[in-house]
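For reference, the structure is listed below as structure tokens.
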Amino acid sequence: GAVVSQHPSRVICKSGTSVKIECRSLDFQATTMFWYRQFPKQSLMLMATSNEGSKATYEQGVEKDKFLINHASLTLSTLTVTSAHPEDSSFYICSALFGTQYFGPGTRLLVL
Amino acid sequence: GNSVTQMEGPVTLSEEAFLTINCTYTATGYPSLFWYVQYPGEGLQLLLKATKADDKGSNKGFEATYRKETTSFHLEKGSVQVSDSAVYFCALKRTDKLIFGTGTRLQVFP
Numbered sequence: 086g087a088v089v090s091q092h093p094s095r096v097i098c099k100s101g102t103s104v105k106i107e108c109r110s111l112d113f114q115a116t117t118m119f120w121y122r123q124f125p126k127q128s129l130m131l132m133a134t135s136n137e138g139s140k141a142t143y144e145q146g147v148e149k150d151k152f153l154i155n156h157a158s159l160t161l162s163t164l165t166v167t168s169a170h171p172e173d174s175s176f177y178i179c180s181a182l183f184g185t186q187y188f189g190p191g192t193r194l195l196v197l
Numbered sequence: 751g752n753s754v755t756q757m758e759g760p761v762t763l764s765e766e767a768f769l770t771i772n773c774t775y776t777a778t779g780y781p782s783l784f785w786y787v788q789y790p791g792e793g794l795q796l797l798l799k800a801t802k803a804d805d806k807g808s809n810k811g812f813e814a815t816y817r818k819e820t821t822s823f824h825l826e827k828g829s830v831q832v833s834d835s836a837v838y839f840c841a842l843k844r845t846d847k848l849i850f851g852t853g854t855r856l857q858v859f860p
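Same order as they appear, the protein sequences are chains A and B. Count the first sequence with our numbering and you get residues 86 to 197, in order. Count the second sequence with our numbering and you get residues 751 to 860, in order.
See the structure below:
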């Protein structure tokens, strides 16, 4: 089946630093990938749609300068949380579209 | 707007019990409906889906029927197993975007 990986699985960083999260489709190519954020006991909230070779489309209320998305190849999208603060601590999940969405295992970010 | 509401958990059951997890939706038109499952430490996996009214999705003993009249897509299983313990998400799809419910944790004890 279609497999999507994320790296790292968890990361702890200091406030003010930037963190990059990778999302890879391992056995298929995906022109479209999605980034979600999940708060404890809450739903997955779509942050942005990442399209290979073009700018990402951000959902309302998501700061595009804060959450930089790069989809430079058909198998890789990256999310960079810039100048991270404790309120950015969350579980970030990506998915890749291949007929249907295939989800990565998520990355837990803790900002101290 | 489009939204999904599902019952809060956790749902705690004994093995072989009957499971129902309620899901209702609000949407314009007739979206496709999904149930995803998230096992501990893993990503979301598609469990089943239905694309039009009265469709029944089924997989691994789980079933859900797309009910237009009640805007519902309740998940059922006749006899749960310990291995079914996970978080279950109901979702609808508009264009390629998925809108999720808050998830329901199911705990099955032997």
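The beta-carbon is built from N, C-alpha and C at its ideal position, and this holds for glycine as well. Given the structure is predicted, the values throughout are model-derived calculations rather than measurements.
Closest in C-alpha terms to Ala-767 (chain B), from the list B:Gly-811, B:Ile-849, B:Phe-784, B:Gly-793, comes B:Gly-811.
Measuring C-alpha to C-alpha distances from Gln-857 (chain B) to each of B:Leu-842, B:Ser-835, B:Phe-850, B:Cys-840 identifies B:Ser-835 as the nearest. Using a Cβ-Cβ cut-off of 9 Å, Gln-145 (chain A) does not count as an interface residue toward chain B, since no Cβ of chain B sits closer than that to its own.
Within the stretch 836-852 of chain B, those residues whose Cβ lies closer than 8 Å to any Cβ of chain A are, in chain order, Phe-839, Asp-846, Lys-847, Leu-848, Ile-849, Phe-850, Gly-851, Thr-852. Taking all protein chains shown into account, Gln-114 (chain A) has fewer than 16 neighbouring C-beta atoms within 10 Å of its C-beta and is therefore exposed. By the neighbour-count definition (other C-beta atoms within 10 Å, threshold 16), His-156 (chain A) is a buried residue.
Following the DSSP letters along the chain, one finds Tyr-838 (chain B) inside the beta strand (DSSP E) bounded by residues 836-844. In the assembly as shown, Ile-178 (chain A) is a buried residue. Its beta-carbon has 16 or more other beta-carbons within 10 Å. Taking all protein chains shown into account, Gln-831 (chain B) has fewer than 16 neighbouring C-beta atoms within 10 Å of its C-beta and is therefore exposed. Taking C-beta atoms under 8 Å as the contact rule, Val-761 (chain B) and Thr-854 (chain B) qualify, at a distance of about 6 Å. Only residues of its own chain outside the window of five on either side were considered, and among them Glu-137 have a CB closer than 8 Å to the CB of Ser-158 (chain A), listed in chain order.
Fewer than three Cβ pairs drawn from the stretch 119-131 of chain A and the stretch 768-785 of chain B lie within less than 8 Å of each other, which leaves the two stretches out of contact. Annotation: Leu-159 (chain A) has no Cβ neighbours in chain B at a cutoff of 8 Å; minimum Cβ distance is about 16 Å.
Residue environment: Phe-859 (chain B) is assigned as exposed (fewer than 16 neighbouring CB atoms within 10 Å of its CB, all protein chains considered).
With a beta-carbon spacing of about 3 Å, Leu-798 (chain B) and Gly-807 (chain B) fall inside the 8 Å limit used to define contacts. When DSSP states are grouped into helix, strand and coil, Val-832 (chain B) belongs to the helix group. Non-local beta-carbon contacts of Ile-154 (chain A) in its own chain, meaning distances under 6 Å to residues more than five positions away in sequence, involve Ala-133, Ser-135, Ala-141, Leu-164 in chain order.
Under the 9 Å criterion on CB atoms, Glu-792 (chain B) is classed as interfacial with respect to chain A.
Annotation: Cβ neighbours of Leu-796 (chain B) in chain A (cutoff 9 Å, chain order): Thr-185, Gln-186, Tyr-187, Phe-188. Relative to Gln-127 (chain A), the option among B:Lys-843, B:Tyr-838, B:Lys-847, B:Asp-846 whose CA is nearest is B:Tyr-838.
Under the Cβ distance rule, Val-761 (chain B) does not count among the residues neighbouring chain A, no pair being separated by less than 9 Å.
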